[in-house]
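When the sequence shown is numbered by the working numbering, its final residue is 210 and no position is left out of the sequence of numbers. For glycine and all other residues, C-beta sits at the position ideal for the given N, C-alpha and C. Please read these numbers as outputs of a predicted model, since none were measured by experiment. Reading through the structure tokens given below for one structure.
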Amino acid sequence: MVFRLDDDAIIFPDPALAEEDGLLAIGGDLRPERLVLAYNYGIFPWFNEDDPICWYAPHERCVIYPERVKLSKSMAKVLKSNVFRLSFDEAFASVIGHCATVARRDQPGTWITGQMQQAYIRLHELGYAHSVEVWQGEQLVGGLYGVQINNVFCGESMFSLVSNASKTALIWLCQEGGYTLIDCQLPNDHLMSLGAEMISRDAYQEILS
């Protein structure tokens with residue numbers, strides 16, 4: 002069943018009670034305390050502009066073990082060429098802004114609403130949310146952002162304005178970030194080609210804790 006959250010009490014139901022598609026609860030707000038609690042339980046918000054806040058806890062999780070990330074010969078050449086400059090937490094607001102506005106195939110609009118952007122910028126200010134930036138000269142051409150819980154990086158979104166920029170950000174995060182696990186939440190062909198795999202919610206929660 003889908004639970005309705007109390008606007009005042011910061012509490013979530015057991016993630017094991019989520020629906021088959023992962024939907025666990027609706028309602029509540031995006032204050033930092035609620036978001037941090039959600040991520041600690043493997044729960045994340047995902048909703049459209051005109052919808053109530055929806056909270057998901059998938060029964061299977063798409064993840065990348067950093068030491069297993071796949072590096073193709075072409076990407077190895079890109080990384081060695083130094084065509085990009087990489088940075089960490091240098092332009093968080095710009096990264097999330099680009100993630101919200103860059104057009105994506107078969108995805109009209111964005112779930113990264115203004116409300117979501119402000120909530121995660123606040124998490125960044127508090128030290129929970131982080132970004133990787135990819136630069137060409139002075140231009141931001143790619144990047145990703147997410148939330149850190151213990152040694153797990155819970156990826157939220159990435160963008161690319163030039164070829165290979167978002168791949169470079171993710172590979173750099175795996176190689177240089179020092180994380181035990183990169184949480185990709187839900188699978189897609191792009192992530193699977195980079196070595197992502199599916200694990201159970203219980204296995205994910207054990208690593209997260």
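What whole-angstrom Cβ distance do residue i and residue j have, given they're in contact under 8 Å?
| i | j | result |
| --- | --- | --- |
| valine 133 | tyrosine 40 | That belief does not hold up - the Cβ atoms of valine 133 and tyrosine 40 are roughly 18 Å apart, past 8 Å. |
| glycine 143 | leucine 162 | 6 Å |
| tyrosine 146 | valine 103 | 13 Å between Cβ atoms; not a contact. |
| arginine 35 | arginine 202 | In fact, because the Cβ distance is near 20 Å, the residues do not count as touching under 8 Å. |
| histidine 60 | phenylalanine 89 | With 8 Å as the limit, histidine 60 and phenylalanine 89 do not qualify as a contact, their Cβ atoms being about 32 Å apart. |
| tyrosine 205 | valine 37 | That pair is no contact at about 17 Å. |
Please report the distance separating the alpha-carbon of residue i from that of residue j.
| i | j | result |
| --- | --- | --- |
| methionine 117 | valine 84 | 32 Å |
| aspartate 30 | serine 75 | 43 Å |
| tyrosine 42 | alanine 170 | 26 Å |
| isoleucine 44 | isoleucine 122 | 19 Å |
| aspartate 22 | valine 153 | 23 Å |
| leucine 25 | aspartate 184 | 18 Å |
| phenylalanine 160 | lysine 78 | 21 Å |
| glutamate 126 | lysine 81 | 33 Å |
| alanine 101 | isoleucine 113 | 5 Å |
| methionine 2 | proline 53 | 16 Å |
| tyrosine 180 | isoleucine 150 | 10 Å |
| arginine 86 | aspartate 15 | 42 Å |
| glutamate 20 | glycine 115 | 27 Å |
Using a Cβ-Cβ cutoff of less than 7 Å, which residues in the same chain neighbour residue i once the five nearest sequence positions on both sides are dropped?
| i | result |
| --- | --- |
| leucine 66 | Note that residue 66 corresponds to tyrosine in the displayed sequence, not to leucine. Leu182, listed in sequence order. |
| isoleucine 208 | Val153, Thr181 and Leu182 |
Can you list, in chain order, the residues of its chain with a C-beta nearer than 6 Å to that of residue i? Leave out the 5 residues immediately preceding and following it.
| i | result |
| --- | --- |
| tryptophan 56 | Leu25, Ala26, Ile44 and Pro46 |
| alanine 166 | Val135, Val142 and Gly143 |
| glutamate 157 | Tyr146 and Gly147 |
Closer than 8 Å by C-beta to residue i: which residues in its own chain qualify, once you throw out the five before and the five after it? Chain order, please.
| i | result |
| --- | --- |
| proline 33 | Ala120, Arg123, Leu124, Leu127 and Tyr129 |
| alanine 92 | Ser132, Glu134, Leu141 and Gly144 |
| arginine 5 | Ala26, Ile27 and Gly28 |
| proline 188 | Cys63, Ala197 and Met199 |
| proline 155 | Before going further, note that residue 155 is cysteine rather than proline in the sequence given. If we look at cysteine 155 and ignore the five residues flanking it on each side, its Cβ neighbours are Tyr40, Phe45, Gly147, Val148, Gln149, Asp184 and Gln186. |
Checklist entry - Where in the segment 48-102 do unbroken runs of the beta strand (DSSP E), each at least 3 residues long, occur, reported from the N-terminal end onward? => result 55-57, 61-65 and 86-89
Next on the checklist: My parser needs the alpha helix (DSSP H) runs of 4 or more residues fully inside the segment 105-146; what are they?
Outcome noted: 115-126
Checklist entry - With a cut-off of 8 Å, do at least 3 Cβ pairs link the segment 6-21 to the segment 189-198? => result no
Checklist entry - Hey, is the segment 59-70 in contact with the segment 166-183, meaning 3+ C-beta pairs nearer than 8 Å? => result yes
Next on the checklist: As an exercise, report each continuous alpha helix (DSSP H) stretch of at least 4 residues that is fully enclosed by the segment 16-42, in chain order.
Outcome noted: 33-41
Item to check | Every unbroken alpha helix (DSSP H) within the segment 154-208, with a cutoff of 4 residues, ordered by chain | outcome: 166-177 and 190-194
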